[in-house]
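Single-structure report; data block below.
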Amino acid sequence: MIVIKEIGTRYEKLILEVINDCLETNRTIANVNRELTYTETNGFSQYQDDITPEEIENGTKAVKEYCLANKNENLYFEYLLAISQEDEKLNVLKEKKKHEIQTKRDEALESGLVYNEHTFQTREKDKLNINGAVTNLMLDMQSGTNSISEIIWIDINDEKVTFTPQDFLKFASMVAYHTQEITFKANILKERIEQAKSEQDLEAIVWEE
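Here the sequence shown is numbered in the working numbering, starting from 268 and rising by one per residue.
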């Protein structure tokens, strides 16, 4: 059960309007698996805020899950900053910056690689397919069979491109280097994020194309 900590309003599930309302009113979302506490005063039932830190943490997890599922990560970090203490906000900003760098890394990896005037996809599944073709090619060459005289690969525009065995190995090597270079770049930026001492330090860390 989703509960607004300060006022005890209950919701069966988390929705965008609840998160936005909490941002506007500076309230906190909790996820509670028990009956709420009420006291009787002059015949009226009054909500008692005895929400625990664990229930608040579970509420924050629910916000994160909702935002990730709806591809609205910025909303999650906005909420996280809103409920954080001043001495916690730098760590939240670091987490946000890491997410930004990771997104840029993934975009760079998935944007493809230009080889011999053709752009080839280099998503994770594409690299697995390339590695599989390299394995088959190496086995063929090592066995002395040499039955593979050419390899046909599809570029990003669905055009068939013919490789010789040696050229395909060179192409696969470039894909591996391309991946390593982007991953290494992201790791360096993440290390800088960890070492940042202020919000200004974080703002200076950007992914340059």
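We put the CB at the ideal spot given by N, CA and C, even for glycine.
*Got a sec, what are the start and stop residues for the alpha helix (DSSP H) residue 460 sits in?*
432-462
*Is the number of C-beta pairs between the region 427-438 and the region 339-347 that are closer than 8 Å three or more?*
no
*For residue 407 versus residue 415, is the C-beta spacing smaller than 8 Å?*
Closer than 8 Å, so yes.
*residue 427 by DSSP, collapsed to three states: which one?*
strand
*With C-beta atoms as the reference, is residue 466 less than 8 Å away from residue 290?*
no
*Examine the Cβ distances between the region 367-380 and the region 388-395 and report whether three or more of them are shorter than 8 Å.*
yes
*the region 269-278 / the region 303-315 touching (three or more Cβ pairs under 8 Å)*: In this structure the region 269-278 lies against the region 303-315, because at least three pairs of beta carbons, one per stretch, are closer than 8 Å.
*Using DSSP bridges, identify the partner residues of residue 474.*
Answer by DSSP bridge pairing: none, since residue 474 is not bridged.
*Can you check whether the CB of residue 333 is closer than 8 Å to the CB of residue 281?*
yes
*asked:* So, with DSSP's three-state summary, where would you put residue 380?
replied: strand
*Measuring alpha carbon to alpha carbon, tell me which of 443, 353 and 335 ends up nearest residue 283.*
335
*Who pairs with residue 308 in a beta bridge, going by DSSP?*
For residue 308, which the question treats as bridged, DSSP gives the partners 311.
*Residue range of the alpha helix (DSSP H) that includes residue 298*: Per DSSP, residue 298 belongs to no alpha helix (DSSP H); it is in the beta strand (DSSP E), 296-298.
*Cα separation between residue 366 and residue 412?*
48 Å
*Burial state of residue 322, where buried means 16 or more other Cβ atoms lie within 10 Å*: By the 16-neighbour rule on beta-carbons within 10 angstroms, residue 322 is buried.
*Looking at the structure shown, is residue 277 part of a helix, part of a strand, or coil, going by DSSP?*
strand
*Classify residue 327 as buried or exposed, calling it buried when 16 or more other Cβ atoms lie within 10 Å of its own Cβ.*
buried
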